[in-house]
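Enquirer: Read in order, the letters of the sequence shown are residues 851 to 1202 in the working numbering.
To start, I am sharing the structure in question, which I have written as structure tokens.
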Amino acid sequence: EYFVKEENDPRKKAEQRLISRQYAFYGKCATFLKTQNHNSWVFNIDTDEFVVFNSAHNDDPMNAEEEAISFQRMVHYLKSDKNSTLGLPSSMAYSRLSLYKKAKRRRRLTQSKDFLHNESILRTIRESLPKIGESTILNFVETLSSSTSVKVKQTVTPCIIIPRLWFSSVEKESVVNNTLHGLDARSFDTLRYFRHAERGGFLFNTYGKPMFDLSRVSLDDLLPVHVHRGPSNVCRNEGAFIDVFYTTSLFRIQHYAGSFKSYFRTDDDRRHVERKKFMVASNIDKGALYDIRPWLDAFVKKVGNSKARNLLSGVGTYSNDIYQRGLSNFEKPLNQWCLFATMYSNASSEAI
């Protein structure tokens, strides 16, 4: 139990144990891939998260310093209102001194000469990123790695922390076609929800997640693997936020809330105890992005209509009894829910 701290509250201890299992699970998965000679890139993402090219848009933040200033404003607000959490996890929001230090370091970083030089290179690359269907993420990374430009090659480090962008449940756009290739487009969150939180902001997006190159990672580095930082000896030690900026990232992770029913379909108490928070987060609307829309056409073109329909059969559906059981147990003690999740993670780890 790698990260379980001394904790008297059984609820908090159960959640810490769950997180510990999560780290171990990621490590065992990566170790399995490594031993099977899968010496390529892996991503630490969940089933409601999707990696896309972070193409530049006119309404993006102006630069990394603007993102850093926005984070400082958030921290100053938390300092001025001791009772506010702004929807952040309480353990994070109440660590105001830690957040204040992070804000100062983040702002200083954006003003350094080396950072400004790298920012210029990355922003230039962002202007000409492929569209979905023109290249895969991995093919593009390989293209950068083989570039004749040393400056471009240096952008491909063994571990890349990718910023996340929260997509809410707001539906202002109608689905272009209700049926695409014989599939119900509304069953796909990626074709249904386009409204998101503030680009480059911390609220609702929170920490990024890593992609790392297994060919440059030793087996000793793979247990455990931090969900947001990746292998600690390979990925940045600063954490998953301090030196990660939306405006300088070539990729982003789109994190979907989905519908109320789909969000609470799982027996994960971390969701059920945060019902009020979800009601706020699911209504966030700081703009819209449509870059991901062509993915289904590209997928069908790649594998063929018959295989695509077979692989995507049942998408967007789930057992209704699980959903009803979840709703009827909002008040269930946290330690019981986390015990179930811990057992599930442990069983999955041992299976791998």
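Here a beta-carbon is modelled for each residue, glycine too, at the ideal position from N, C-alpha and C.
Being a predicted model, the structure only gives us computed values, none of them experimental.
Please say whether Ser1019 and Phe921 have beta carbons closer to each other than 8 Å?
Expert: no
Enquirer: How long is the line joining the alpha carbons of Phe900 and Thr1029, rounded to whole angstroms?
Expert: 22 Å
Enquirer: Report yes or no: do the region 1032-1051 and the region 1141-1159 share at least 3 C-beta pairs separated by less than 8 Å?
Expert: yes
Enquirer: Counting only the same chain and skipping the five closest in sequence on each side, list residues whose C-beta sits under 8 Å from that of Met981.
Expert: The residue you asked about is not Met; residue 981 is Lys in the sequence shown. Beyond the five residues adjoining it in sequence on each side, Lys981 comes within less than 8 Å, by CB distance, of Phe903, Ser905, Asp1141, Pro1144 in the same chain, given in chain order.
Enquirer: For the alpha helix (DSSP H) that His1046 lies in, which residues bound it at each end?
Expert: For His1046, there is no enclosing alpha helix (DSSP H), as DSSP marks it with neither H nor E.
Enquirer: Measuring alpha carbon to alpha carbon, tell me which of Ser1132, Asp1093, Phe1101 ends up nearest Ala1107.
Expert: Ser1132
Enquirer: Taking the straight line between their C-alpha atoms, what separation do you get for Asp1171 and Thr897?
Expert: Residue placement at Asp1171 is poorly supported in this model, since its pLDDT is 49, which falls under 50; the coordinates still yield a value, given next. If I take the Cα positions, the gap works out to 20 Å.
Enquirer: May I ask you to report which of helix, strand or coil DSSP gives Ser1065?
Expert: Looking at Ser1065 - three-state DSSP - the assignment turns out to be helix.
Enquirer: Could you check what DSSP says for Ala1201 in three-state terms: helix, strand or coil?
Expert: Residue placement at Ala1201 cannot be trusted, given a pLDDT of 32 that sits under 50; the coordinates are not used to answer.
Enquirer: Would you call the region 1153-1162 and the region 1040-1050 in contact, with 3 or more CB pairs under 8 Å?
Expert: no
Enquirer: Identify, in the order they occur along the chain, each residue of the same chain with its Cβ nearer than 6 Å to the Cβ of Glu1048, setting aside the five sequence neighbours on each side.
Expert: Lys1136
Enquirer: Could you name the residues of the same chain whose beta carbon sits closer than 6 Å to that of Leu949, not counting the 5 residues immediately before and after it, in chain order?
Expert: Val925
Enquirer: Just reading off the beta strand (DSSP E) that Glu899 is part of, what are its end residues?
Expert: 899-903
Enquirer: Distance check for Phe1054 and Pro1013, CA to CA, integer angstroms please.
Expert: 12 Å
Enquirer: Compare the beta carbon distance of Thr1098 and Glu969 with 8 Å and say whether it is the shorter of the two.
Expert: yes
Enquirer: Do Pro911 and Gly1050 come within 8 Å of each other at the CB atom, strictly closer than that value?
Expert: Contact annotation: Gly1050 and Pro911 have beta-carbon atoms nearer than 8 Å.
Enquirer: Rounded to the nearest angstrom, what separates Leu959 and Lys951 at their Cα positions?
Expert: 12 Å
Enquirer: What would DSSP say about Glu865, mapped onto helix, strand or coil?
Expert: helix
Enquirer: Mind pulling the beta strand (DSSP E) runs of 3 or more residues that sit fully within the region 981-1022?
Expert: 1009-1012, 1014-1017
Enquirer: Going by the CB atoms, is the gap between Lys1001 and Leu994 shorter than 8 Å?
Expert: no
Enquirer: Do Ser890 and Ser1065 come within 8 Å of each other at the CB atom, strictly closer than that value?
Expert: yes
Enquirer: State the Cα-Cα distance for the pair Val991 and Leu1015, rounded to the nearest angstrom.
Expert: Cα to Cα, Val991 sits roughly 21 Å from Leu1015.
Enquirer: Using the DSSP secondary-structure output, state which residues sit across from Gly1080 in a beta bridge.
Expert: His1076
Enquirer: Would you call Val1150 buried or exposed, if buried means 16 or more other Cβ atoms sit within 10 Å of its Cβ?
Expert: buried
Enquirer: Helix, strand or coil for Pro860 per DSSP?
Expert: Three-state DSSP puts Pro860 in a helix.
Enquirer: Short of 7 Å in beta carbon distance, which residues of its chain neighbour Gly877, apart from the five on each side in sequence? Order them along the chain.
Expert: Leu1072, Leu1073, Pro1074, Val1075
Enquirer: Could you say which of Asn894, Arg871, Ser985 lies nearest to His1105 if we only look at CA atoms?
Expert: It is Asn894.
Enquirer: Does any CB atom of chain B fall closer than 8 Å to the CB of Val1153?
Expert: Here chain B cannot be found, since the structure has a single protein chain.
Enquirer: DSSP state of Arg1143, grouped into three classes?
Expert: coil
Enquirer: From the DSSP secondary-structure annotation, give me the bridge partner or partners of Thr960.
Expert: DSSP, once it has assigned bridges, lists no residue as partnering Thr960.
Enquirer: Tell me the residue span of the alpha helix (DSSP H) that contains Arg1159.
Expert: 1155-1161
Enquirer: Can you pull the DSSP bridge partners for Pro911?
Expert: As DSSP reads the structure, Pro911 sits in no beta bridge.
Enquirer: What residue range does the beta strand (DSSP E) around Val1165 cover?
Expert: No beta strand (DSSP E) contains Val1165, which DSSP labels as neither H nor E.
Enquirer: Near Ile971, what residues of its chain come up, given a Cβ to Cβ distance below 6 Å and the 5 sequence neighbours on each side ignored?
Expert: Lys1001
Enquirer: Answer yes or no: do Val1094 and Ile1011 have a C-beta to C-beta separation smaller than 8 Å?
Expert: yes
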